Amino acid sequence: MIILTAAALGISAAQMRSAAAIALIAALIGITFALAAITSPGPVSLLALLYAILGYNGGLILYVLGLYAHARFRAPRVSH
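Numbering of the sequence shown is given in UniProt numbering, commencing with residue 1 and proceeding in unit increments.
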């Protein structure tokens, strides 16, 4: 579930096409994890942070690949 949520954040951030938004959301993922680690009474899994980072980057990559596929298949076909 962490990966899917982070991927959705990545796709949403990429749709804004703003480097500031992409960087802000990436920073907020880390800040949220740090706050959870500080306030948690027990140990915190670093694997969950890794999954969130991988999911976020995966969402960004999926969006870019989708843009590429859209541009590639929507290009006019020229016959000689």
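The beta-carbon is built from N, C-alpha and C at its ideal position, and this holds for glycine as well.
As the structure is a prediction and not an experimental result, all values here were calculated from the model.
Query                                                                                                                            : Result
Less than 8 angstroms between the beta carbons of residue 14 and residue 52, yes or no?                                          : no
Are residue 9 and residue 59 close, meaning C-beta to C-beta below 8 angstroms?                                                  : yes
In the structure shown, what three-state DSSP assignment does residue 74 receive?                                                : helix
Would residue 63 and residue 29 qualify as a contact pair, given that the criterion is a beta-carbon distance under 8 angstroms? : no
In whole angstroms, what is the alpha-carbon distance linking residue 32 and residue 47?                                         : 15 angstroms
For the alpha helix (DSSP H) holding residue 10, just list the boundary residues, first then last.                               : 2–16
When the cut-off is 8 angstroms and only beta carbons count, does residue 48 lie next to chain B?                                : Of the protein chains in the structure, only one exists, and it is not chain B.
So, with DSSP's three-state summary, where would you put residue 42?                                                             : coil
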